[in-house]
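A.B. asks: Residue numbers (the working numbering): 7 to 487.
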Amino acid sequence: MGKTELADSVRDTKMLFSRLAKALGSNGVLTGAHITETYTSDWGKDRMGRCLAVVRPASTEEVSLVCRLCSDAGVSIVPQGGHTGLVGGAQHPDGDCILLSTQRLNTIHQIDPDNLSCIVEAGVVLESLQTSLAERGLQFGVSIGSQGSAQIGGLVSTNAGGVRVLHQGMTASHVLGLELVLADGSVVSSISGLHKDNRGPDPLRIAIGGEGAFGVVTKACLRISPQWTSSATAYVGCASFGDALALLRHLRMGAHEVLSAFEVMSDACLPLARYVDPTLIPPLTAPVHVLVEFCSTMQLPLDSLLEAALASAMEDDFAQDAVVAKSDAQAKRLWALREGLVEGHSRRGYHVRSDVSVRLGRLPEAVSSLEAMLATEYPGWIAQSYGHLGDGNLHFNALPPESMAEAEARSIGTRIEQRIFDIVLELDGSFSAEHGIGRTKAGWFRQTMPERFELLGRIKGAFDPGGVMNPGCLLPVEGGS
């Protein structure tokens, strides 16, 4: 770019920010030192992004204006929600973009108990929505560890999963309609509140899992359900992942309607929870630890049902030992072990993180193959196998030796990640189960699924012909990552 072109670009950018600040107010546009790591660094501290400004619209109309002005100025837009993603979808490596934060789009517009639906803005925090629904005896079916930060727009844009997918499904299962702002500022909506609306395919559903590449989600109409009134939680010890799968099969056959969560953790994972709380100690010892939850809207003796099911499983040698929580406080304490190990990985430092899935029957084989690979090819690294066995989602992480320098660990970690993906793909699995593609896995997406990649690229051209929306995320440009 020549000096004259550069000067014109700077002048155009200053004019853009001046117009945005006038429209959104002084609190609506952050530049310079006001752009903190809260916006530019990802949750796992693996990526640091850059941007020209952070723009914080407070309404759909303001989002529309931001998109139109940025599109006219040729400035890219990176939508950002609660900033809890793990694949770099909300960070751009170059500084020639704006971050569009949805944190001020935080209004719950409607909760309809008769229709079992709600209409919320993209920036509504999941925990806030659950609290509002609980006051009316209702709930939203997605449960994730980062619910205190994660926003509805982000859940939709990544098609988030969580711990209750086996019972409730992914976020996509709960979306009845969306409002989307396109790159040119056009506002389109499929929100009708209808559970049955068969007037042709809804093109806006492309935004579910679209990671901001097709437009900015500003509102969502969500399916909700009555709050559970009875529940039971158990912590179970198994001899292997194969036995854990047998336990899942046993529970599904006898209690499918009330089985709401089935989480699994290898014994090597549990010490990581103590990085968060030193008092978090498992109630039993076993090679594999399982968290089981039964829930129902009916007043059922779930504790007794769960105890009987586990007693039968122990007779059949699917389980070695089990503890059934006797209070809500005890249940929360057991869940803290599962949730704490995720934070513990981050506190320990750099580690290889993965989010893969296979058919449920092949999950024990996947764990065995991955752990054998790490032990054989990268001795000294510590395997961490845990995740949502109930839906086939495994998080296989690898911890470097504590004495290893981070730069060396990251270099080796890149090779380990490739081996993880190779093994999972050999098992006909997916290298992204619930975290999405983002920028971290965009190259893998293009390489391993060229037909889907090419088709999505054509669709993106219809929604965003100028390539303004979150460039490089999900659909990387040639030569990009």
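We treat Cβ as the ideally placed atom computed from N, Cα and C, and that holds for glycine.
Quantities reported herein were computed from a predicted structural model and do not represent experimental measurements.
In its own chain, which residues sit with a C-beta less than 7 Å from the C-beta of Ser196, not counting the 5 before and 5 after it?
C.D. replies: The sequence position of residue 196 within the sequence shown is 190, counting from 1. Cβ within range, chain order: Gly183, Leu184, Asp208, Leu210.
A.B. asks: Do Ala250 and Val298 have their C-beta atoms closer together than 7 Å?
C.D. replies: Start at 1 with the first residue of the sequence shown, and residue 250 comes out as number 244. Start at 1 with the first residue of the sequence shown, and residue 298 comes out as number 292. Contact: no.
A.B. asks: Pick helix, strand or coil for Leu200, following the three-state DSSP scheme.
C.D. replies: Start at 1 with the first residue of the sequence shown, and residue 200 comes out as number 194. Of the three classes helix, strand and coil, the one that applies to Leu200 here is coil, per DSSP.
A.B. asks: Using the Cα positions of Glu133 and Ala166, report the straight-line distance between them to the nearest angstrom.
C.D. replies: What you label residue 133 is simply residue 127 of the sequence shown in a count that begins at 1. What you label residue 166 is simply residue 160 of the sequence shown in a count that begins at 1. Their Cα atoms are separated by approximately 15 Å.
A.B. asks: For a test of the three-state rule: what should DSSP assign to Ser333, helix, strand or coil?
C.D. replies: To locate residue 333, count along the sequence shown from 1; it is residue 327. Ser333: coil per DSSP, three-state reduction.
A.B. asks: Bridge partners of Ile114, per DSSP?
C.D. replies: For the purposes of this step, residue 114 is taken as the residue at position 108 of the sequence shown. According to DSSP, Ile114 bridges with Val126.
A.B. asks: Would you grab the beta carbon distance between Ala240 and Leu316 for me? Rounded to a whole angstrom, and I think it's under 8 Å.
C.D. replies: Translated into positions along the sequence shown, residue 240 becomes position 234. Translated into positions along the sequence shown, residue 316 becomes position 310. Indeed, because the Cβ distance is near 6 Å, the residues count as touching under 8 Å.
A.B. asks: Considering only their Cβ atoms, is the gap separating Val264 from Phe220 smaller than 7 Å?
C.D. replies: Mapped onto the sequence shown, residue 220 falls at position 214. Mapped onto the sequence shown, residue 264 falls at position 258. No, Cβ-Cβ distance for Phe220 and Val264 is not below 7 Å.
A.B. asks: Please tell me whether Ala439 and Ile422 are closer than 7 Å, where the distance is taken between their beta carbons.
C.D. replies: Residue 439 sits at position 433 when you count from the first residue of the sequence shown. Residue 422 sits at position 416 when you count from the first residue of the sequence shown. Cβ distance not < 7 Å, so Ala439 and Ile422 don't count as in contact.
A.B. asks: Hey, which unbroken runs of the alpha helix (DSSP H) at 4 residues or more fall wholly within the segment 120-187?
C.D. replies: With a minimum length of 4 residues, the continuous alpha helix (DSSP H) runs that stay inside the segment 120-187 are 132-140, 158-164, 171-174.
A.B. asks: Would you decide whether Ser409 is buried or exposed? Buried here means 16 or more other CB atoms lie within 10 Å of its CB.
C.D. replies: Translated into the one-based positions of the sequence shown, residue 409 becomes position 403. Its Cβ having fewer than 16 others within 10 Å, Ser409 is exposed.
A.B. asks: Thr66: buried (16+ other C-beta within 10 angstroms of its C-beta) or exposed?
C.D. replies: Looking up residue 66 in the sequence shown gives position 60. Buried, because 16 or more other Cβ atoms sit within 10 Å of the Cβ of Thr66.
A.B. asks: Give, in chain order, every unbroken run of the beta strand (DSSP E) that is at least 3 residues long and sits entirely within the segment 213-279.
C.D. replies: Those beta strand (DSSP E) runs which fall completely within the segment 213-279 and span 3+ residues are 222-229, 236-244, 265-272.
A.B. asks: By how many angstroms is the C-alpha of Glu414 removed from the C-alpha of Gly435?
C.D. replies: The residue labelled residue 435 in the question sits at position 429 within the sequence shown. The residue labelled residue 414 in the question sits at position 408 within the sequence shown. Each residue's alpha carbon lies about 29 Å from the other.
A.B. asks: So, with DSSP's three-state summary, where would you put Ser436?
C.D. replies: In the sequence shown, residue 436 corresponds to position 430, counting from 1. Strand at Ser436.
A.B. asks: Look at the alpha carbon of Met21 and the alpha carbon of Val84, and state the distance between them as a whole number of angstroms.
C.D. replies: On the sequence shown, position 15 is the one that residue 21 refers to. On the sequence shown, position 78 is the one that residue 84 refers to. Near 20 Å, if we compare the C-alpha coordinates of Val84 and Met21.
A.B. asks: Using 8 Å as the Cβ pair cut-off and three pairs as the minimum, do the segment 252-266 and the segment 175-182 touch?
C.D. replies: With the cut-off at 8 Å, the segment 252-266 and the segment 175-182 do not touch.
A.B. asks: Are the beta-carbon atoms belonging to Gly215 and Gln157 less than 7 Å from one another?
C.D. replies: On the sequence shown, residue 215 is found 209 positions in, with the first residue counted as 1. On the sequence shown, residue 157 is found 151 positions in, with the first residue counted as 1. No, these two residues do not count as a Cβ contact at 7 Å.
A.B. asks: My guess is that Thr137 and Pro232 are in contact by the Cβ rule of under 8 Å, so how many angstroms apart are they, rounded?
C.D. replies: By 1-based counting over the sequence shown, the position of residue 137 is 131. By 1-based counting over the sequence shown, the position of residue 232 is 226. About 16 Å; that fails the 8 Å criterion.
A.B. asks: Buried or exposed: Pro407, going by 16 or more other Cβ atoms within 10 Å of its Cβ?
C.D. replies: On the sequence shown, position 401 is the one that residue 407 refers to. When all chains shown are included, Pro407 counts as exposed.
A.B. asks: Whose C-alpha, out of Ala39, Thr164, Glu141, is nearest the C-alpha of Val148?
C.D. replies: Working through the sequence shown from its first residue, we reach residue 148 at position 142. For the residues Ala39, Thr164, Glu141, the minimum Cα distance to Val148 belongs to Thr164.
A.B. asks: Counting along the chain, where does the alpha helix (DSSP H) carrying Val373 start and finish?
C.D. replies: Locating residue 373 in the sequence shown gives position 367, where the first residue counts as 1. Unbroken alpha helix (DSSP H) run through Val373: 369-383.
A.B. asks: Would you decide whether Asn399 is buried or exposed? Buried here means 16 or more other CB atoms lie within 10 Å of its CB.
C.D. replies: Numbered from its first residue, the sequence shown carries residue 399 at position 393. Asn399 is buried by the Cβ-count criterion.
A.B. asks: Can you grab the Cα-Cα spacing for the pair Ala448 / Arg53, in whole Å?
C.D. replies: Numbered from its first residue, the sequence shown carries residue 448 at position 442. Numbered from its first residue, the sequence shown carries residue 53 at position 47. Each residue's Cα considered, the two are about 14 Å apart.
A.B. asks: Answer yes or no: do Leu105 and Cys57 have a C-beta to C-beta separation smaller than 7 Å?
C.D. replies: Taking the sequence shown and counting its residues from 1, one reaches residue 105 at position 99. Taking the sequence shown and counting its residues from 1, one reaches residue 57 at position 51. Against a cut-off of 7 Å, the Cβ pair of Cys57 and Leu105 comes out as a contact.
A.B. asks: Sort out for me which residues DSSP pairs Val194 with in a bridge.
C.D. replies: Locating residue 194 in the sequence shown gives position 188, where the first residue counts as 1. Leu186.
A.B. asks: Can you give me the C-alpha to C-alpha distance between Gly472 and Ser391, rounded to a whole angstrom?
C.D. replies: The residue given as residue 472 occupies position 466 in the sequence shown. The residue given as residue 391 occupies position 385 in the sequence shown. Between Gly472 and Ser391, the C-alpha separation is close to 42 Å.
A.B. asks: Assign Ala523 to one of two classes, buried (16 or more other C-beta atoms within 10 Å of its C-beta) or exposed (fewer than that).
C.D. replies: This structure leaves residue 523 out entirely; the chain is present only between 7 and 487.
A.B. asks: Quick one: what does DSSP say Phe469 is sitting in, helix, strand or coil?
C.D. replies: For the purposes of this step, residue 469 is identified with residue 463 of the sequence shown, where counting begins at 1. Phe469 falls in the helix class under three-state DSSP.
A.B. asks: What did DSSP end up calling Ser491 once you bin it into helix, strand or coil?
C.D. replies: Here the chain covers residues 7 to 487 and nothing more, so residue 491 does not appear.
A.B. asks: Just to confirm the assignment, what range does the alpha helix (DSSP H) spanning Val69 have?
C.D. replies: Numbered from its first residue, the sequence shown carries residue 69 at position 63. From DSSP, the alpha helix (DSSP H) with Val69 extends over 66-79.
A.B. asks: Starting from the Cα of Pro289, find the closest Cα among Gly243, Leu306, Phe268, Cys275 and give me that residue.
C.D. replies: Position 283 of the sequence shown holds residue 289. The option with the nearest alpha carbon to Pro289 is Gly243.
A.B. asks: Who pairs with Tyr392 in a beta bridge, going by DSSP?
C.D. replies: Numbered from its first residue, the sequence shown carries residue 392 at position 386. Paired residues: Met271, His401.
A.B. asks: Taking Cβ to Cβ, would you say Ala342 is nearer than 7 Å to Leu286?
C.D. replies: Along the sequence shown, read from residue 1 onward, the residue named residue 342 stands at position 336. Along the sequence shown, read from residue 1 onward, the residue named residue 286 stands at position 280. Result yes, Cβ atoms of Ala342 and Leu286 sit closer than 7 Å.
A.B. asks: Given Phe23, which residues of its chain have a CB within under 7 Å of its CB, disregarding the five upstream and five downstream residues?
C.D. replies: By one-based count along the sequence shown, residue 23 stands at place 17. Hits under 7 Å: Val35, Thr37, Ala59.
A.B. asks: With a CB to CB cut of under 7 Å and the five nearest residues on each side skipped, what residues in its chain are close to Ile443?
C.D. replies: On the sequence shown, residue 443 is found 437 positions in, with the first residue counted as 1. Counting only Cβ-Cβ distances below 7 Å, and skipping sequence neighbours, we find Val93, Glu217, Phe451, Leu480.
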